[in-house]
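**Student:** I'd like to ask you about the structure that follows.
There are 2 protein chains.
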Amino acid sequence: MIRRIPQARDRGIPDATVARLPLYLRALNGMAERGTATVSSEDLALAAGVNSAKLRKDLSHLGSYGTRGVGYDVQYLIYQISRELGLTQDWAVAIVGVGNLGRALANYGGFASRGFRIAGLLDADPHVVGDRIAGLVVEHTDELESVIQKRGVSIVVIATPATAAQQVCDRVIAAGVTSILNFAPVVLAVPDGVDVRKVDLSIELQILAFHEQRKANGGPIMAEEWPDGVVM
Amino acid sequence: MIRRIPQARDRGIPDATVARLPLYLRALNGMAERGTATVSSEDLALAAGVNSAKLRKDLSHLGSYGTRGVGYDVQYLIYQISRELGLTQDWAVAIVGVGNLGRALANYGGFASRGFRIAGLLDADPHVVGDRIAGLVVEHTDELESVIQKRGVSIVVIATPATAAQQVCDRVIAAGVTSILNFAPVVLAVPDGVDVRKVDLSIELQILAFHEQRKANGGPIMAEEWPDGVVM
DNA sequence: ATCACTTTGTGCATCGCTTCACAAAGGCAC
DNA sequence: GTGCCTTTGTGAAGCGATGCACAAAGTGAT
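Top line first, the protein sequences correspond to chains A and B.
Sequence positions in the first sequence follow the numbering used here and run 91 to 322.
Sequence positions in the second sequence follow the numbering used here and run 91 to 322.
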């Protein structure tokens, strides 16, 4: 049973590489704005905060776009990475849940800049439906399926309370969506073929707290036992 | 030069494990609320969305807290994970940048629930300074160092525009902070010993777009060349 | 006390990512 | 062209995380 046959342009790009491409793209855009025409792997790696060998290996997965002795053409590389990431096309995004976070996301400028267009804002609360946010009118979640289909939404951002997230998730998947960005603090159950990425503030803080504790104490406060008064 | 001597209770917990502990903790808290007293690695793994062998290996890094043939005591495991993550103590957090996102974060309930207390909101805009958000009055960033020192802030959340992020970062580090959660779309340069975690909406969307494109087309639209009209 | 059953904790093989180190490839000066 | 310099692209080693598979350890029934 053959797993995968490596080819000249191997189309299987490692996940770790994909996760860094947006970083490179951002650094390259900065350089392009400052008028830089060419960049070495060393300089680009520095700007992106990674090791230069890793950068070169990452880029080598896309193809051989550098020139030895010179470096990479900034504009050309921007185009190639954008194309690889699918940013040369327009993605319609719907945000479900227009609370504090949903509003902040809707107003976040970084969306439109890179081929992402907010095509719908939805909420279950009748008091919020009808509000105008970032140029869009909030619609009721009853319209979820129709909004997705009519406007060609292919990416859904879930910014609902935790209790509603799985239900919304199931509905958007039934409507054909296969890419979900989840801000609700729950592990979404999805069928194969659906991609879920999770952003969780609370988890990030807990990871920081772990390391902060290590730096301060060299470890947890109490090594083994329960504190006084706690009974098993 | 000795790197690290492995011991009975090895204090070096893998990063991948640390990143999953908050997930287990959340699942366990849900079970505790529903009155579950004991849970098997199989069930907990299911709730947390991971493989049961991985879960057991993760927990084994904390110690031997399970009972063979029975499973794990929910309350006891909650306590042990909380202690390991440093959640049995109180962490003072300051949020710098009170725009859309900063406001949303300040109002986000998940903060207080797990030992994180917002001890300060700061912004450079005089129009925002003085606003009352989530029970706190926004202070001017001039006060940054004094707020950090007086209120024992050990974790700083940067929610400023990209242009201000590095400057804020430098100042909080100079003030003694070594744990930073960065929402600004920049790679922060920090000295050794400082932990930065990054949350970047735009990067998450780009990763989703990559996979979505693969699902739809089997790859980028054009394989190799520049589109017509683009000149190198 | 013994046996059958359940579930943990872990040795081990494997996999994927990272990093080093260098040959290959291009530019530039003469 | 030749030789020197720079920088890419990549083979190979190293490292950490994953998942299988099973012995060890506990429960409960008889």
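Even glycine gets a Cβ: it sits at the ideal position worked out from N, Cα and C.
Remember, predicted model here, so these are calculated numbers, not experimental data.
#1: Rounded to a whole number of angstroms, what is the C-alpha to C-alpha distance between Lys246/B and Pro216/B?
#2: Could you pull out every residue in the same chain whose Cβ sits closer than 8 Å to the Cβ of Asp318/B, ignoring the five residues on either side in sequence?
#3: Determine whether the beta carbon atoms of Leu212/B and Val237/B lie at a separation below 8 Å.
#4: Answer yes or no: do Ala252/A and Ala194/B have a C-beta to C-beta separation smaller than 8 Å?
#5: Would you say Pro112/B lies against chain A (beta-carbon separation less than 8 Å)?
#6: For Ala254/B versus Leu278/B, is the C-beta spacing smaller than 8 Å?
#7: Return no unless some Cβ of chain B is closer than 8 Å to the Cβ of His301/A.
#8: Report the rounded CA-to-CA distance for Ala98/A versus Arg124/A, giving the unit in angstroms.
#9: Give me the Cβ distance between Gly287/B and Glu294/A, rounded to the nearest whole Å; I'm assuming they're in contact under 8 Å.
#10: Quick one: list the residues of chain A neighbouring Ile263/B, beta-carbon separation under 7 Å, in chain order.
#11: Residues in its own chain within less than 6 Å of Thr107/A by CB, not counting five upstream and five downstream?
#12: Buried or exposed: which applies to Asp105/B, given that a residue is buried once 16 or more other Cβ atoms fall within 10 Å of its Cβ?
#13: Can you tell me whether Pro112/B is buried or exposed? The criterion is at least 16 other CB atoms within 10 Å of its CB, across all chains shown.
#14: With three or more C-beta pairs closer than 8 Å as the rule, is the region 218-236 of chain A touching the region 220-238 of chain B?
#15: Tell me whether Thr250/B is buried or exposed, calling it buried when 16 or more other Cβ atoms sit within 10 Å of its Cβ.
#16: Let me confirm a value: Arg110/B is counted as buried when at least 16 other C-beta atoms fall within 10 Å, else exposed. Which label applies?
#17: Answer yes or no: do Leu136/B and Leu167/B have a C-beta to C-beta separation smaller than 8 Å?
#18: Please check if any C-beta of chain A sits within less than 8 Å of the C-beta of Pro96/B.
#19: Tell me whether Ile293/A counts as near the ligand MN, meaning its Cβ is closer than 7 Å to at least one heavy atom of that ligand.
#20: By Cβ distance below 6 Å, which residues in the same chain neighbour Ala214/B in space, the five residues on each side in sequence not counted?
#21: Among Gln239/A, Pro281/A, Arg241/A and Val186/A, whose alpha-carbon lies nearest the alpha-carbon of Asn272/A?
#22: Between Glu132/A and Ser269/B, is the Cβ-Cβ spacing less than 8 Å?
#23: According to DSSP, simplified to helix, strand and coil, what is Val108/B?
#24: Tell me, which residues are paired with Tyr329/A by DSSP?
#25: Which two residues bound the contiguous beta strand (DSSP E) that contains Ile245/B?
#26: Can you name the start and end residues of the beta strand (DSSP E) that Leu212/B belongs to?
#27: Would you verify that the beta carbon of Gln296/A is, or is not, closer than 8 Å to some beta carbon of chain B?
#28: Could you list the residues in the region 180-204 of chain A with a C-beta less than 9 Å from some C-beta on chain B, going in chain order?
#29: Taking 6 Å as the limit between beta carbons, can you name the residues of its chain near Ala138/B, skipping five residues before and five after?
#30: Name the residue from Gly192/A, Lys144/A and Gln170/A whose alpha carbon lies nearest to the alpha carbon of Val219/A.
#31: In the DSSP assignment, the beta strand (DSSP E) including Leu271/A goes from what residue to what residue?
#32: Pick from Ile208/B, Val284/B, Tyr169/B and Thr128/B: whose alpha carbon is nearest that of Trp181/B?
#33: Considering only the alpha carbon of each residue, which of Val267/B, Gly199/B and Thr157/B lies closest to Val129/B?
#34: Would you list the one or two residues that DSSP bridges to Asp182/A?
#35: Pro275/A versus chain B: which residues are under 9 Å apart at the beta carbon?
#36: Could you give the first and the last residue of the continuous beta strand (DSSP E) run that contains Val286/B?
**Tutor:** In short:
#1: The count along the second sequence starts at 1 and reaches residue 246/B at position 156. The count along the second sequence starts at 1 and reaches residue 216/B at position 126. The identity of residue 246/B in the sequence shown is Val, whereas the question assumes Lys. For Val246/B and Pro216/B, the distance between alpha carbons rounds to 21 Å.
#2: Locating residue 318/B in the second sequence gives position 228, where the first residue counts as 1. Caution is warranted here: a pLDDT of 42 is assigned to Asp318/B, below 50, making its placement in the model unreliable, and the coordinate value is therefore given only provisionally. Around Asp318/B: no qualifying Cβ.
#3: Here residue 212/B corresponds to residue number 122 of the second sequence, with the count starting at 1. Here residue 237/B corresponds to residue number 147 of the second sequence, with the count starting at 1. Yes, the pair counts as a contact, with Cβ atoms nearer than the cut-off.
#4: In the first sequence, residue 252/A corresponds to position 162, counting from 1. In the second sequence, residue 194/B corresponds to position 104, counting from 1. Going by C-beta atoms, Ala252/A is not nearer than 8 Å to Ala194/B.
#5: The count along the second sequence starts at 1 and reaches residue 112/B at position 22. It does; some Cβ of chain A falls within 8 Å.
#6: To locate residue 254/B, count along the second sequence from 1; it is residue 164. To locate residue 278/B, count along the second sequence from 1; it is residue 188. Taking 8 Å as the Cβ cut-off, Ala254/B and Leu278/B do not qualify as a contacting pair.
#7: Your numbering for residue 301/A matches position 211 in the first sequence. Closer than 8 Å: yes.
#8: Counting from one through the first sequence, the residue named residue 98/A turns up at place 8. Counting from one through the first sequence, the residue named residue 124/A turns up at place 34. Annotation note: pLDDT 36 at Ala98/A (below 50); position unreliable, no value reported.
#9: Mapped onto the second sequence, residue 287/B falls at position 197. Mapped onto the first sequence, residue 294/A falls at position 204. Note on residue identity: the sequence assigns Arg, not Gly, to residue 287/B. With 8 Å as the limit, Arg287/B and Glu294/A qualify as a contact, their Cβ atoms being about 5 Å apart.
#10: Your numbering for residue 263/B matches position 173 in the second sequence. What Ile263/B touches in chain A: nothing, since even the nearest Cβ is about 13 Å away.
#11: Taking the first residue of the first sequence as 1, we reach residue 107/A at position 17. Only Asp148 and His151 meet the Cβ criterion.
#12: Taking the second sequence and counting its residues from 1, the one referred to as residue 105/B is at position 15. Answer is exposed; the Cβ neighbour count stays below 16.
#13: Position 22 of the second sequence, counting from 1, holds the residue named residue 112/B. Result: buried.
#14: no
#15: Mapped onto the second sequence, residue 250/B falls at position 160. Answer is buried; the Cβ neighbour count reaches 16.
#16: Here residue 110/B refers to the residue found at position 20 when the second sequence is read from its first residue. Label assigned to Arg110/B: buried.
#17: Start at 1 with the first residue of the second sequence, and residue 136/B comes out as number 46. Start at 1 with the first residue of the second sequence, and residue 167/B comes out as number 77. No. Outside cutoff.
#18: Counting from 1 along the second sequence, the entry for residue 96/B is found at position 6. Summary for Pro96/B: the model assigns pLDDT 40, below 50, so the residue's position carries little reliability, and this model does not support an answer.
#19: Judged by which ligands are present, the structure shown has none, so any question about the ligand MN falls away.
#20: For the purposes of this step, residue 214/B is identified with residue 124 of the second sequence, where counting begins at 1. Only Thr231 meet the Cβ criterion.
#21: Along the first sequence, one-based indexing puts residue 272/A at 182. Selected option, being the one with the closest Cα: Val186/A.
#22: On the first sequence, position 42 is the one that residue 132/A refers to. On the second sequence, position 179 is the one that residue 269/B refers to. No, they are not a contact pair.
#23: If you number the second sequence from 1, residue 108/B lands on position 18. Note: Val108/B maps to helix in three-state DSSP.
#24: Outside the shown range of chain A, which is 91 to 322, sits residue 329/A, and nothing can be said about it.
#25: If you number the second sequence from 1, residue 245/B lands on position 155. Start and end: Val243 to Ile248.
#26: The sequence position of residue 212/B within the second sequence is 122, counting from 1. Taken as a continuous stretch (DSSP letters only), the beta strand (DSSP E) holding Leu212/B covers Phe206 to Asp213.
#27: The count along the first sequence starts at 1 and reaches residue 296/A at position 206. Chain B contact via Cβ: present.
#28: Trp181, Val183, Gly189, Asn190, Leu191, Gly192, Arg193, Ala194, Leu195, Ala196, Asn197, Tyr198, Gly200, Phe201, Ser203 and Arg204
#29: What you label residue 138/B is simply residue 48 of the second sequence in a count that begins at 1. Answer for Ala138/B: Leu113, Tyr114 and Ala117, listed in chain order.
#30: The residue given as residue 219/A occupies position 129 in the first sequence. Nearest option by C-alpha distance: Gly192/A.
#31: For this step, residue 271/A is matched to residue 181 along the first sequence. From DSSP, the beta strand (DSSP E) with Leu271/A extends over Ser269 to Asn272.
#32: Here residue 181/B is taken as the residue at index 91 of the second sequence, counted from 1. Out of Ile208/B, Val284/B, Tyr169/B and Thr128/B, Ile208/B has the C-alpha closest to the C-alpha of Trp181/B.
#33: Taking the first residue of the second sequence as position 1, residue 129/B is located at position 39. Nearest option by C-alpha distance: Thr157/B.
#34: The sequence position of residue 182/A within the first sequence is 92, counting from 1. The question names Asp, yet the displayed sequence has Ala at residue 182/A. Paired residue(s): Arg207/A.
#35: For this step, residue 275/A is matched to residue 185 along the first sequence. In chain order: Arg116 and Gly200.
#36: Residue 286/B sits at position 196 when you count from the first residue of the second sequence. Segment Asp285 to Lys288, the beta strand (DSSP E) holding Val286/B.
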